[in-house]
């Protein structure tokens, strides 16, 4: 029986590569630029360029491509559903028909586009999480949101909350795995019976999990309080964020790349159907 | 009838960069009615081994056989094997979900198809086997003391009537009284015919009670044998994370001084031996023990 | 002893909200600077409550707790008290805030609002003292159990406290992890740190300067480890470490000269065998 082992879900991988060294703000902004860039791409050659770009990022982060792709696995089924929905429910010129399902040429094109976009979206997002420590990530978010703090937005609390939520993910997986195993060894059966019976069979997993997580969250809160954490108080940083020349360079390079792709898409590739 | 493990290897995250080898080439067997302890440091593979014993994990290489049935992936009888070998996890009270202790204990036998009076009888038997007061059965398991919770957890496993009981660090988190009571309980269960497999890092208690011990280090079984042999082995070959218990150290020291004595004898044996061989009553000797100077070959400095 | 008191507890009572009985009932205790005190007692005797009282995480329902002369009741003193007294709890996993070792150690000093170069100095020193200097950039959760607990210790030391309270800090460690943790404490003690060690493992009390027995919310015995193991513990039904039993047995039969230490090597050397 294979339990929840081996799921990484974009967990931080410590390292000292170029990407690791960038300011988290730079990486967050870049990710958003990337995502908006992705929605301007529509043709197969565009996506080929994006794929090359992803390979380059993998080299710059010294994280093997396989690891990045694997992290996209948990959301792959989401991609699959999107693809299927698009294939069957896009109106247009019919290519073939199977019963009540009709497949259109437009549907195929749309499915390809959406599938590709979603796939790259997930890959870039997990790239961001793998090269940015949760602490740095939440620092970055806090600084990006800090203008909002003036109108009462709790940017600092949000940052700490973020750090802790991210830190809890591995714990959550470990505990779920342990409780699942323990209940299976007491004869629990999660694989048979109707939907209702199956849903009920998860109660012996969910109840202990909630109890445990609440208890641990409470313990952590006490530990943080004893280390002088006061919500909302001014905090300083071990590694204060410093926007450097290479951050500016990275963002500029990215904008240039996306402009190039968009330009190609709108000129040379205008007549491509895919 | 036995649980037989042969050349078992197991790695977590197989096929990813995060691969961790937990077991490599471990062999051990547990006969019905026997008490076997698995000792080793944290991360030595003890828990992974324990989870193989009741088919929670399927061997990646090597074999596991439970009463003659081999554990294979997708085999039909895995659930039956899990009934035969009960597994008590570390901090088992963390798996409680029911509103009463009775419901908690009934979980396993209910899963194995018992209903009505049979189920009630099974729960009552399990509760009395672990010495749990019948009045406590209706109480909320979370409101019980640490020691009582542990009893409920063990009862919830033995209620399925296993032939083997595997316990992962059963005394963790208990205080002295709790440990004493639990150890006593396990001895009684063994007397009633249950085979006990105890995963522990408490070498002293393992030496005191086991018929045989398996010593683990970094996923490898370094030795298997009776207490006396294992103690002798550990004195010759230090194993990571295992501290030789003081009484064994002392007995080894006596041996080095020419006294014949078992390494894992109890306190009385040791004191009797020392008394026999003591030269003179020492009360009148100078305080810093002048006669110690003649002896400099102590093998077991602490 | 004329050293400055760090903790003075006078008639401290505490009842958890909604609990039928009090966790502490009139506890008096004085702990001086530089002392290593072992607080021993069974589960539920009130030891952990005491730890939280000493760090102002809980306020006594009756009586007072003074930390370096400041009453924990006084809200304005709480930051100073938390700065002076650091806690290390039982489960290392529940104390780790950040996913990278050095970021976790920095959490406390960051809360104090120190400039980043000073945080850096403190983090490096604390990691050094906890023997984790080589793990600075590792993932917090990739450490072994003993290392995780030393990480929690480093997080506490980075606050540069006057006193450390260890609440069952070794109980989840294996003998290897426990030894590495205890030897860390030994060197801290020689550097002048006040250590309050809460434990139910008798053998850990041997290293301390003073043993205080807590039973049903009161301090019922107070003395040296020598006196404690010389017989006092019998009254509270504690599990005796086997070497101590052996020591007492040999001593009482006149097989060991008076003044021998309760240590296996020393006992063997002191025996006079034919």
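Chains as they are written, first to last, in our numbering: chain A, 112 to 385; chain B, 3 to 304; chain C, 105 to 378. Built from N, CA and C at the ideal position, the CB exists for glycine as well.
- Out of C:323, C:322, C:317, C:321, the CA that lies nearest to the CA of residue 329 of chain C is found in C:317.
- Shown in chain order are the members of the stretch 240-267 of chain C whose Cβ falls below 7 Å from a Cβ of chain B: 248, 249.
- The residue among C:280, C:220, C:292, C:345 with its C-alpha nearest the C-alpha of residue 309 of chain C is C:345.
- Within the stretch 178-226 of chain B, the complete alpha helix (DSSP H) segments at least 4 residues long are 178-193, 205-211, listed from N- to C-terminus.
- In the three-state scheme derived from DSSP, where H, G and I count as helix and E and B as strand, residue 65 of chain B is classed as strand.
- In this structure, residue 269 of chain B and residue 250 of chain B do not form a Cβ contact; the two beta carbons are roughly 12 Å apart against a cut-off of 8 Å.
- In the structure shown, the three-state DSSP call for residue 9 of chain B is strand.
- Taking every protein chain shown into account, the CB of residue 185 of chain C has 16 or more other CB atoms within 10 angstroms, so this residue is buried.
- By the criterion of a C-beta distance shorter than 6 Å, residue 300 of chain C is surrounded in its chain by 141, 269, once the five residues flanking it on both sides are discounted.
- Distance from the Cα of residue 135 of chain C is smallest, within the candidate group C:251, C:215, C:327, for C:327.
- Contact of residue 127 of chain C with chain A is not assigned, every C-beta pair being separated by 9 Å or more.
- In this structure residue 72 of chain B is exposed. Its beta-carbon is surrounded by fewer than 16 other beta-carbon atoms within 10 angstroms.
- Between the C-alpha atoms of residue 141 of chain B and residue 102 of chain B there is a straight-line separation of about 5 Å.
- Annotated as distal: residue 56 of chain B and residue 22 of chain B, with beta-carbon spacing of 9 Å or more.
- Contact with chain A is found for residue 219 of chain C, since one of that chain's Cβ atoms lies less than 9 Å from the residue's Cβ.
- Here residue 114 of chain B has 85, 162 as same chain residues with Cβ atoms under 7 Å from its own Cβ, once five neighbours each way along the sequence are excluded.
- Listed along chain A are 327, 330, 331, 334, each with a C-beta nearer than 8 Å to that of residue 198 of chain C.
- In the DSSP assignment, residue 326 of chain C is bridged to C:316.
- Linking residue 294 of chain C to residue 311 of chain C through their CA atoms gives a straight-line distance of about 12 Å.
- According to DSSP, residue pairing for residue 142 of chain C in a beta bridge involves C:301, C:315.
- Secondary structure of residue 373 of chain C (DSSP, three-state): helix.
- Residues of chain B with a Cβ closer than 9 Å to the Cβ of residue 371 of chain C are, in chain order, 252, 255.
- In this structure, the beta-carbon distance from residue 285 of chain C to residue 257 of chain C falls below 9 Å.
- DSSP, reduced to helix, strand and coil, places residue 149 of chain A within a helical segment of the structure shown.
- Around the beta-carbon of residue 123 of chain C, fewer than 16 other beta-carbon atoms lie within 10 Å, marking it exposed.
- Within the stretch 140-184 of chain C, the alpha helix (DSSP H) runs of at least 4 residues that lie entirely inside it are, in chain order, 151-158.
- When B:262, B:207, B:212 are compared, the shortest CA-CA separation from residue 199 of chain B is found for B:212.
- The beta-carbon distance between residue 180 of chain A and residue 251 of chain A, rounded to whole angstroms, is 25 Å. This is too long to meet the 8 Å contact definition.
- For residue 343 of chain C, the neighbours in chain B by C-beta distance under 9 Å run, in chain order, 177, 178, 179, 181, 182.
- Shown in chain order are the members of the stretch 281-303 of chain A whose Cβ falls below 9 Å from a Cβ of chain B: 286, 289, 290, 292, 293, 294, 295, 296, 297, 298, 299, 300.
- Around residue 277 of chain B, the beta-carbon contacts reaching into chain C at under 7 Å are 357, 359.
- Between residue 223 of chain B and residue 30 of chain B, the beta carbon gap of about 6 Å places them in contact (Cβ cut-off 8 Å).
- Between residue 224 of chain A and residue 153 of chain A a beta carbon distance of about 5 Å is seen, short of the 8 Å cut, so the two are scored as contacting.
- If you check each beta-carbon in the stretch 308-326 of chain A against every beta-carbon of chain B, the ones closer than 7 Å belong to 314, 315, 318, 319, 323.
- Contact annotation for residue 211 of chain B against chain C: no contact, minimum CB-CB distance about 14 Å [criterion: below 7 Å].
- Listed along chain A are 297, 298, each with a C-beta nearer than 8 Å to that of residue 110 of chain B.
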